[in-house]
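Please read the structure below before turning to the comments.
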Amino acid sequence: DFDIKAGTSTSKESTRKPVDLLAIIDTSSSMVNNFGRALDSTLALVKSLNDDDQITFAHYGFNSTDTYNTGNRPANAGAIGASNKSYQGAMTSPMSKKDAIAYLEKAKQFKVTAAGVHLDEFIADMKKQGVKFREDENKNYQDIYMEHHKADSTVSVIQFTDGWMDKETIDSDFAAWATKNAKTFMTVSYKNNGSANGGPTEFSINNMKAAGHTNIYDERQTPIDDAKIAKQFEETATEKQVPRKETVIK
Numbered sequence: 059d060f061d062i063k064a065g066t067s068t069s070k071e072s073t074r075k076p077v078d079l080l081a082i083i084d085t086s087s088s089m090v091n092n093f094g095r096a097l098d099s100t101l102a103l104v105k106s107l108n109d110d111d112q113i114t115f116a117h118y119g120f121n122s123t124d125t126y127n128t129g130n131r132p133a134n135a136g137a138i139g140a141s142n143k144s145y146q147g148a149m150t151s152p153m154s155k156k157d158a159i160a161y162l163e164k165a166k167q168f169k170v171t172a173a174g175v176h177l178d179e180f181i182a183d184m185k186k187q188g189v190k191f192r193e194d195e196n197k198n199y200q201d202i203y204m205e206h207h208k209a210d211s212t213v214s215v216i217q218f219t220d221g222w223m224d225k226e227t228i229d230s231d232f233a234a235w236a237t238k239n240a241k242t243f244m245t246v247s248y249k250n251n252g253s254a255n256g257g258p259t260e261f262s263i264n265n266m267k268a269a270g271h272t273n274i275y276d277e278r279q280t281p282i283d284d285a286k287i288a289k290q291f292e293e294t295a296t297e298k299q300v301p302r303k304e305t306v307i308k
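At position 77 of the sequence shown (counting the first as 1) the number is 135 in our numbering, and the numbers step up by one without a gap.
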């Protein structure tokens, strides 16, 4: 990182390929104590990225086999919180580092109540602040992401979550896509030992491991440290390249 006076420029050697980051943030009721922390960690990660990286954000309201999709929840009585009147997931268009920082600053203005985080309310609040989301009905995150993926950049995925209830599970289609296409599917998992709003952290951890995605920053093992999260991402989610000169203006 460089501390550079406004209006000046310098050069640095870019030793990795640009990252095309899909950052997935759990926006469910269990995140009542962790949503703000997740946004802080995401913001720190985005700030650590290079200026030529691309970031797309996605949010889900519960975990099931088809919830990494945009649009409304299917009317399925077996799904947690199922309703055809609320979002199953929401996704932004890709954005620059600067715009991603602005997006997260807006997200941090959302007021979480004791009842927990509710995706519908979050989306409505962000729309009031001028944020636009993809309105596709029941379209996979990965399909939307690949519409704008730059071939010379690294596919990398990170999600920020906490405990899941015992009926929740990872979206299997997305997990399989990430296995095939992403440099990594990293998870940052915050402590949640079970409450009225969610299940214990072990359920989410075990689901990710069972899906083959073991790159996990587990708060139960290591206290949340945004610098360490960014370092783990840099070490596992990026690809080296022949150094090239890059002008950085701040």
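All residues carry an ideal CB built from backbone N, CA and C; glycine is no exception.
Bridge partners - residue i, DSSP secondary structure assignment
| i | result |
| --- | --- |
| A240 | According to DSSP, which records beta bridges pairwise, A240 is partnered with nothing at all. |
| H117 | I83, A148 |
| I216 | A81, M244 |
| R74 | K298 |
| G346 | Lying outside 59 to 308, the shown extent of the chain, residue 346 is not represented and no answer is given. |
| T171 | G174 |
| Y275 | V246 |
| Q112 | D78 |
Spatial neighbours of residue i in its chain, beta-carbon cut-off 7 Å, leaving aside the 5 residues before and after
| i | result |
| --- | --- |
| A158 | V104, I113 |
| N121 | W222, E226, T227, I228 |
| K186 | none |
| A135 | With a pLDDT of only 43 at A135, under 50, the local geometry of the prediction cannot be trusted, and the value read off the model is given with reservation. Result list for A135: empty, nothing under 7 Å. |
| A288 | A102, L103, S106 |
Supposed close pair residue i, residue j - CB separation, criterion 8 Å
| i | j | result |
| --- | --- | --- |
| I202 | V246 | Not a contact, Cβ separation roughly 22 Å. |
| F232 | Y199 | 6 Å |
| N92 | Y248 | 4 Å |
| K208 | D78 | 6 Å |
| T294 | K286 | In fact, because the Cβ distance is near 12 Å, the residues do not count as touching under 8 Å. |
Cut-off 6 Å between Cβ atoms - residues of its own chain near residue i, not counting five sequence neighbours on either side
| i | result |
| --- | --- |
| G139 | With a pLDDT of 45 at G139, under the threshold of 50, the modelled position of this residue cannot be trusted; read the value that follows with caution. Answer for G139: F120, listed in chain order. |
| F180 | T85, F168 |
Chain-order list of residues whose beta-carbon lies under 8 Å from that of residue i (same chain, five-residue window excluded)
| i | result |
| --- | --- |
| K75 | D210, S211, T212, T296, E297, K298, Q299 |
| G129 | Y145, Q146, G147, E193, D194, E195, N196, K197 |
Beta-carbon proximity of residue i to residue j, cut-off 7 Å
| i | j | result |
| --- | --- | --- |
| H117 | A148 | yes |
| T242 | G270 | no |
| V175 | S87 | yes |
* Asked: Should the segment 162-181 be regarded as contacting the segment 82-102, the criterion being three or more beta carbon pairs within less than 8 Å?
  -> yes
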